[in-house]
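Accompanying notes for the structure given below.
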Amino acid sequence: VAVQAGGNVGVWAAKMAKRFKTVWTFEPDPDNYACLVKNVPDNVQHMRAGLGDRVANVGMTLFPDNCGAHYIDGPGDIEIITLDGLSLPACDYLCLDVEGYEPKALCGAKETIARYRPVIQIEEKGLSERYSGIRKGEAERWLEREFGYRVAKKVRTDVILVPR
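In terms of this note's numbering, the sequence shown opens at residue 1432 and continues consecutively.
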């Protein structure tokens, strides 16, 4: 089972669907989500929501010229859920590219991470610091400190962590 957030238009979820029996993907923007639904195969479970540290409704800043750069910002009607709230039966891979919301999405996945010890991939380009005041690198330090993860590889702005 793979979990991917920042589903955008479904490109990554569709690729993951070739390697995983089930893929869960999450995309809060309605336009991106409408494309995602059309682009993913049947083994992809999708939700029009974002992943965070608590159930909430939030706003989103949109970039008309880059549909992959939208980010959570202030109050609004975008639904945020926690990964733990889904009580998934398994999680082998957790991939978060949520424009700076990675630390909050990880906090909402504490039980899932502790239970299944998935390989975790997060995007880290300093957006959590810019948008939320959470220092760059804090998500990976938190995973190391709380769950004993270690950085296995860094590829451009992606950090891949594995349990020790």
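All residues carry an ideal CB built from backbone N, CA and C; glycine is no exception.
Among residues of its own chain, excluding the 5 on either side of residue i, which ones have a beta-carbon nearer than 8 Å to its beta-carbon?
{"i": "Gly-1516", "result": "Val-1486, Gly-1539"}
{"i": "Asp-1504", "result": "Val-1489, Gly-1490, Met-1491, Thr-1492, Tyr-1562"}
{"i": "Tyr-1464", "result": "Gly-1438, Glu-1458, His-1477, Arg-1479"}
CA-CA distance, residue i and residue j?
{"i": "Lys-1449", "j": "Val-1471", "result": "11 Å"}
{"i": "Asp-1589", "j": "Gly-1490", "result": "25 Å"}
{"i": "Trp-1455", "j": "Ala-1433", "result": "6 Å"}
{"i": "Lys-1556", "j": "Lys-1567", "result": "7 Å"}
{"i": "Asp-1528", "j": "Tyr-1502", "result": "10 Å"}
{"i": "Tyr-1524", "j": "Val-1475", "result": "14 Å"}
{"i": "Leu-1574", "j": "Lys-1446", "result": "26 Å"}
{"i": "Tyr-1532", "j": "Lys-1469", "result": "25 Å"}
{"i": "Gln-1379", "j": "Thr-1453", "result": "Beyond the ends of the chain as shown, which are 1432 and 1595, falls residue 1379; an answer cannot be given."}
Are the CB atoms of residue j and residue i within a distance shorter than 7 Å?
{"i": "Val-1530", "j": "Leu-1558", "result": "In the sequence as presented, Val is not what sits at residue 1530; that position holds Glu. A contact, by the Cβ cut-off of 7 Å."}
{"i": "Ala-1480", "j": "Glu-1510", "result": "yes"}
{"i": "Ala-1444", "j": "Gly-1438", "result": "yes"}
{"i": "Pro-1594", "j": "Arg-1548", "result": "yes"}
{"i": "Ala-1570", "j": "Pro-1534", "result": "yes"}
{"i": "Gly-1441", "j": "Leu-1482", "result": "no"}
{"i": "Met-1478", "j": "Phe-1451", "result": "no"}
{"i": "Cys-1526", "j": "Thr-1543", "result": "no"}
What does a CB cutoff of less than 7 Å around residue i pick up in its chain, not counting 5 residues either side in sequence?
{"i": "Ser-1518", "result": "none"}
{"i": "Lys-1541", "result": "Asp-1515"}
{"i": "Ala-1583", "result": "Ile-1591, Leu-1592, Val-1593"}
Between which two residues does the beta strand (DSSP E) harbouring residue i extend?
{"i": "Lys-1585", "result": "1580 to 1586"}
{"i": "Cys-1526", "result": "1524 to 1527"}
{"i": "Pro-1594", "result": "1589 to 1594"}
{"i": "Glu-1510", "result": "1509 to 1512"}
{"i": "Glu-1554", "result": "1550 to 1554"}
{"i": "Thr-1543", "result": "Premise fails: Thr-1543 lies in the alpha helix (DSSP H), 1541 to 1547, not in any beta strand (DSSP E)."}
How close, in whole Å, do the beta carbons of residue i and residue j come, if the pair is a contact with beta carbons under 8 Å?
{"i": "Ile-1551", "j": "Tyr-1580", "result": "7 Å"}
Considering only residues of the same chain and omitting the five flanking positions on each side of residue i, which have a CB-CB separation below 6 Å?
{"i": "Asp-1496", "result": "none"}
{"i": "Ile-1565", "result": "Pro-1534, Ser-1559"}
Span of the alpha helix (DSSP H) holding residue i?
{"i": "Val-1468", "result": "1461 to 1470"}
{"i": "Val-1442", "result": "1442 to 1447"}
{"i": "Ala-1536", "result": "1533 to 1538"}
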